[in-house]
Amino acid sequence: MVELLKVENLTKKFGPLTAVDNISFKVDKGDVLGFLGPNGAGKSTTMKMITGFLTPSSGTAIVCGKDILDEPIKVKKSIGYLPEGAPLYGDMTAGSFLNFVAEMRGINKKDRPKVIENIIEKINLNEVVFRPIETLSKGFKRRVGLAQAMLHDPELLILDEPTDGLDPNQKFEVRQLLKDLSKNKAIVISTHILEEVDAVCSRAMVIAKGKLLADSTPNGLRKEFSDKDSLDSIFRKIVLER
Amino acid sequence: MSSIFFIFKRELATYFLTPVAYIFLVIFLAALGSFTFFLGNFFTRGQADLQVFFSFHPWVYLFLIPAIGMRLWSEERKTGTIELLMTLPVTAFEIVIAKFLAAWFFSFIALCLTFPMWISVNILGSPDNGVILASYIGSFLMAGALISLVSCISASTKSQVIAFILSVSISFIFLMAGLEIILSIFKSWAPALIINIISSLSILSNFQQITKGVIDLRELIFFTSMILGFLFVNKYLVELKKSK
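As they're listed, the protein sequences go chains A and B.
Position in the first sequence (first residue = 1) + 10 = my numbering.
Position in the second sequence (first residue = 1) + 1459 = my numbering.
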């Protein structure tokens, strides 16, 4: 197993509030890790630290063998990241935005058109390439966000609520895409939608109030709680009881 | 290094994607032209020089530089795109420099478009073109100093309106620092040394020195250190405020 992400005692404090409290875990190649937790649990904050947007208060993470504190630029190169809410430059067209990301990702001028064309094909963005992003529907915006994260074929994908705002068909497509990609990548997604964990994740982690409460497979969680019905009730049990 | 260029290119293109660039250029040129001809009595002065033209630059910049710089960071923070930008493989300082250069280059385009003034004055008489060139360089440096200041303020707030108002006020203080209106506030209590320091921080007096036709090392150092100083503060502010 190739270990692509190793989080070690990661902690983030905002003044008196501890948003992420001493979290450690590993993600191997081929894993799709689902981050579960109520709103404000610290899922996004953890992702922001791994991707180098926030500096941890203590602890660190190793991405593809490189420490996020020592080699932030190299780490950022090997990650594809969809931030919470999929922020995008609304003034730009989807095509010129993807071109900008390709430039920033250091893709050669020669290869750029092909790389962009591939991702547009993969994520079905053909009809919106020349439209300003601010005029796109929520679903298309999210897909442009996914496209920019996957553009440079990163080893580690970190996606904060990748299917939020998509219709059922689009959700299905994105999940299918994540499954296809997972063979030679490590993927971390955060979600509130528990059926999504069942559908794509090989592992599920439950976080609440900054603490790691459970780390198992979706089926493992079921066994542990001898609950055959739904992940929803397990989720409630974990978050409320522990 | 190439990241700086790509961000520079994107920022510059953004000005022209929205009407901002065109409105700015039209108002900048119209304001400078009308001030020079009507307020400055360009024709009745009977002198073939651009002294009046340049004397209005600080006052036009006072309102228009905040208008081009206010969105540099506040918009990124408001829309959340700052997270996207800062998780790309690029350092915060590179982004600060790229954004500053884009706004500065935009002001350079505006300045270049005032060339008909230079042509008219050369048709009307034989001005000292050395003085005019020095004044243009001085105006460009002044624009740079003000843009670095505005960019800094833009990084400190999510609201473009607040960024604009603060930028105009603080730019005004830096422009006027050498004049009685600002110095009188300090004269009653501050020692002479402090008053000297404050008056030497005046953008206006440093610019006026250059428009006399001599670019002294003193003024060059003043403007470069001002630009670099604000860019460092800018970087610090970006990292402090990015997640808030």
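Backbone N, C-alpha and C define an ideal beta-carbon position, used for all residues, glycine too.
{"Query": "C-beta atoms of Ile1657(B) and Ala1649(B) nearer than 9 angstroms", "Result": "yes"}
{"Query": "Beta carbon proximity, Pro97(A) to chain B, threshold 9 angstroms", "Result": "yes"}
{"Query": "Helix, strand or coil at Phe63(A) according to DSSP, with G and I counted as helix", "Result": "coil"}
{"Query": "Lys1703(B) versus Ala1557(B) - alpha carbon distance", "Result": "22 angstroms"}
{"Query": "Candidates Arg246(A), Asp77(A), Leu222(A): closest to Gly52(A) by CA position", "Result": "Leu222(A)"}
{"Query": "Residues near Ser1566(B) in its chain [Cβ-Cβ closer than 6 angstroms; skip 5 each side]", "Result": "Ala1602"}
{"Query": "Test: Pro93(A) CB closer than 9 angstroms to a CB of chain B", "Result": "yes"}
{"Query": "Close-in-space but distant-in-sequence residues of the same chain around Leu1484(B) (CB under 7 angstroms, 5 per side omitted)", "Result": "Ala1569, Leu1572"}
{"Query": "Contact the region 140–155 of chain A vs the region 185–200 of chain A: 3+ CB pairs below 8 angstroms", "Result": "no"}
{"Query": "7 angstroms Cβ cut-off: residues of chain B touching Gly62(A)", "Result": "Thr1546"}
{"Query": "Sequence ranges, alpha helix (DSSP H) only - wholly within the region 166–218 of chain A, length at least 4", "Result": "178–191, 204–210"}
{"Query": "Sheet register partners of Glu13(A) (DSSP bridge)", "Result": "Asp38(A)"}
{"Query": "Beta-carbon neighbours of Lys86(A), restricted to chain B and to distances below 7 angstroms", "Result": "Thr1546, Leu1547, Pro1548"}
{"Query": "Pro1525(B) (DSSP reduced to helix, strand or coil)", "Result": "helix"}
{"Query": "8 angstroms contact criterion, which Leu1523(B) and Ile1482(B) should meet: CB distance rounded", "Result": "Not a contact, Cβ separation roughly 10 angstroms."}
{"Query": "Close beta carbons around Val207(A), own chain, < 8 angstroms, minus the five adjacent residues each side", "Result": "Gly44, Leu46, Thr201, Ala214, Pro228, Leu241"}
{"Query": "Residue closest to Trp1563(B), alpha-carbon to alpha-carbon, out of Gln1619(B), Ala1526(B), Glu1534(B)", "Result": "Ala1526(B)"}
{"Query": "Proximal chain A residues relative to Gly1539(B), where beta-carbon distance stays under 7 angstroms", "Result": "Pro93, Gly95, Pro97"}
{"Query": "Proximity below 9 angstroms, CB of Ile1612(B) to CB of Phe1559(B)", "Result": "no"}
{"Query": "Buried versus exposed, by CB contacts within 10 Å (16 or more), Ser1610(B)", "Result": "buried"}
{"Query": "Distance, Gly90(A) Cα to Thr145(A) Cα", "Result": "25 angstroms"}
{"Query": "Phe1552(B) to Met1685(B) span [Cα, whole Å]", "Result": "16 angstroms"}
{"Query": "Contact with chain A by Ile1466(B), beta-carbon distance below 9 angstroms", "Result": "yes"}
{"Query": "Segments assigned alpha helix (DSSP H), at least 4 residues, entirely inside the region 1549–1584 of chain B", "Result": "1551–1571, 1574–1583"}
{"Query": "Rounded C-alpha distance that separates Leu167(A) from Leu79(A)", "Result": "19 angstroms"}
{"Query": "Contact list for Asn83(A) against chain B, beta-carbon separation under 8 angstroms", "Result": "Checking the displayed sequence, the identity of residue 83(A) turns out to be Ile instead of Asn. Neighbours of Ile83(A) on chain B, chain order: Pro1548, Val1549, Thr1550."}
{"Query": "Own chain residues within Cβ distance below 8 angstroms of Asp177(A), not counting five before or after", "Result": "Gly149"}
{"Query": "With 16 other Cβ atoms within 10 Å as the buried cut-off, status of Asp101(A)", "Result": "buried"}
{"Query": "9 angstroms Cβ cutoff met for Lys257(A) and Val1549(B)", "Result": "Because chain A in this structure spans residues 11 to 252, residue 257(A) falls outside the shown range and cannot be described."}
{"Query": "Residues that Val150(A) contacts on chain B, provided the C-beta gap is smaller than 9 angstroms", "Result": "According to the sequence shown, residue 150(A) is Phe rather than Val. What Phe150(A) touches in chain B: nothing, since even the nearest Cβ is about 17 angstroms away."}
{"Query": "Beta-carbon separation (whole angstroms), Pro93(A) vs Thr21(A), contact threshold 8 angstroms", "Result": "Wrong, their Cβ atoms sit about 21 angstroms apart, outside the cutoff."}
{"Query": "Val210(A) vs Val42(A) beta-carbon contact at 9 angstroms", "Result": "yes"}
{"Query": "Neighbour flag for Glu113(A) against chain E, beta carbons, 9 angstroms", "Result": "Absent here is chain E; the protein component of the structure consists of chains A and B."}
{"Query": "Same chain only: Cβ atoms within 6 angstroms of Val1590(B), ignoring 5 sequence neighbours per side", "Result": "Gly1672"}
{"Query": "Asp190(A) burial status per 10 Å Cβ neighbour count (16 or more: buried)", "Result": "exposed"}
{"Query": "Endpoints, alpha helix (DSSP H) assigned at Gly1492(B)", "Result": "1479–1493"}
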